[in-house]
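Notes to accompany the following structure.
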Amino acid sequence: MIAASFEYDAPSTLEEAIGLLQQYGEEAKILSGGHSLLPMMKLRFASPERVIDINGIPGLSYIKEENGVLKIGALTREAEIEHADLLKQKFPIFGDVTKLIADPQVRNMGTIGGNLAHGDAANDHPAAMLALRATVIATGAGGQRSIPIDEFFFGFYTTALQHGEILTEIQIPVPPKGTGSAYHKLERKVGDYATAGVAVQLTIENGVCKAIGIGLTNVNPTPLRAARSEQLLLNKYLTDENIAAAAQLASEDCSPSSDLRGSEEYKRAMVAVLVKRMIKKAIERVNN
Amino acid sequence: MNKQITVTVNGAQHTLEVEPRTLLVHLIRETLNLTGTHIGCDTTSCGACTILLNGKSVKSCTVLAVQANGKSITTIEGVSTEVAMNPLQEGFKENHGLHCGFCTPGMIMRATELLADNPDPTEDEIRWGISGNLCRCTGYNNIVKAILYASAKMRGVPTASTEPEFV
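Line by line, the protein sequences are chains A and B. Quick note, the first sequence lines up with residues 1 to 288 if you use this note's numbering. Quick note, the second sequence lines up with residues 1 to 167 if you use this note's numbering.
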């Protein structure tokens, strides 16, 4: 399969890339890892007239901690996130997420920025970003702006990014001691999108849940925060009873559609199972 | 508008004019006539088109040729000399790691990066490591053995060919 014809630019600075995006508006598409965009172009689901390859722009690939904030450059490859020592201790969830994204070759190309900017509820990072309460940094002609993750996903393949803006960084608050996180998705085979996926980060103080984020993958038109489940557990003891009640709320609040991966009923049931398991895994990681 | 690109393929530099929509796998197979890189699914699933791009294994059906500009590419044709097989090729031969052979070039290119990153992988790490490569013949067991064989050989550990498993 070969994509429809397009013009190709490979700018070497962010300013140049933003200029091209402004010039070509809706005709232009940003090429990052390309492993969502190129398959869509080959199937002709997408036919941009102009492809702007940002891979040659230096300074967009990094993982660092500054003043209590974890900063990940948008061009950081999934494989780099998978093996980053900085993340293993404080953010074990990244190991869970990246290991389940497609396969090793795809992770060598795919980027975290592209995974989020694609705006697909089936992608795995969005749910994790909801659980971690991330902030997305978008850079445009007027400079940078911060978009809280809860205001980032709008609808099917739609995000808060405007034409002429590039997602350049993801910022995540480094959680206090007593925090654990975990992610898992059910997949039929390696490389498949989630039947259902759940991301959890929680902080425990003297046995009480002092902070919790729960994000759901591919069981809603947009990546979903399980808000009622979070509310139920906040400032409570994480008893089996409370966890089960939170899991039940998440399965009620999502809106999965029946497809080849399973019926709506099955997916709701799996959301409940995964919420329970991921909360327990996150608690184990606190204790360890 | 065509773009001029320069790529180094298996050590040889080429400067070529390509249409932006040309896929890297088509450049490799049709322009450079290196047909050892296969096209299986053409949807980033099977891994038959795996090559090394600056040492990283990628699926060349999902990379544009223009994205390889200025980069170094290794294909299956570049892993050995004309007189000797490399340890992975030898491992696949000794352990019956292939039947029809269609997936083999991709398996070997993927395993090349796997062993470069992790010279002494466990069986589990190998299975995860080749999870993006599909084989419809072998059932994978002998492919895993082939990679273990290559790992041992490359580390200077004595190797013995294992009896093939016929299940």
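By construction, the Cβ of each residue, glycine as well, lies at the ideal position given by its N, Cα and C atoms.
In terms of CA proximity to Leu53/B, Lys71/B leads the group Thr22/B, Lys71/B, Tyr140/B. About 6 Å separates the beta carbons of Arg228/A and Asp253/A, which is inside the 8 Å limit, making them a contact pair.
Relative to Gly19/A, the option among Lys236/A, Gly164/A, Ala282/A, Gly207/A whose CA is nearest is Gly164/A.
Of all residues in the region 55 to 86 of chain A, only Asn55, Ala79 come within less than 8 Å of chain B when Cβ atoms are compared, listed by chain position. The Cβ atoms of Ala245/A and Val198/A do not sit closer than 9 Å to each other. Chain-order list of chain B residues neighbouring Pro148/A: empty, with the shortest C-beta distance near 32 Å, by a criterion of under 9 Å.
The alpha carbon of Gly132/B has as its nearest neighbour, out of Pro121/B, Arg110/B, Thr15/B, the alpha carbon of Arg110/B. With contacts defined by Cβ atoms closer than 9 Å, Lys153/B and Gly97/B do not form a contacting pair. The beta carbon of Phe45/A sits no closer than 9 Å to any beta carbon of chain B. When the Cα atoms are used, Thr22/B and Cys41/B turn out to be separated by approximately 17 Å. As the crow flies, the alpha-carbon of Ala3/A is around 5 Å from that of Met41/A.
Judged by their CB atoms, Val157/B and Ala68/B are not nearer to each other than the 9 Å cut-off.
In terms of Cβ geometry, Cys61/B and Leu134/B do not form a close pair [threshold 9 Å].
Looking at the backbone, the Cα of Asp117/B and that of Ala226/A are separated by about 38 Å. Contact with chain A is found for His26/B, since one of that chain's Cβ atoms lies less than 9 Å from the residue's Cβ. Closer than 9 Å to the CB of Arg136/B there is not a single CB belonging to chain A. Cα atoms of Pro256/A and His14/B: separation of roughly 50 Å, rounded to the nearest angstrom. Interface residue (Cβ-Cβ distance to chain A less than 9 Å): Arg29/B is not classified as such.
Looking at the backbone, the Cα of Ile204/A and that of Asn235/A are separated by about 9 Å. In this structure, the beta-carbon distance from Ile30/A to Ile166/A falls below 9 Å.
Within chain A, the C-beta atoms nearer than 8 Å to that of Ser45/B come from Gly191, in chain order. Under the 9 Å criterion on CB atoms, Val58/B is classed as interfacial with respect to chain A. Where Thr112/B is concerned, the enclosing alpha helix (DSSP H) starts and stops at 104 to 117.
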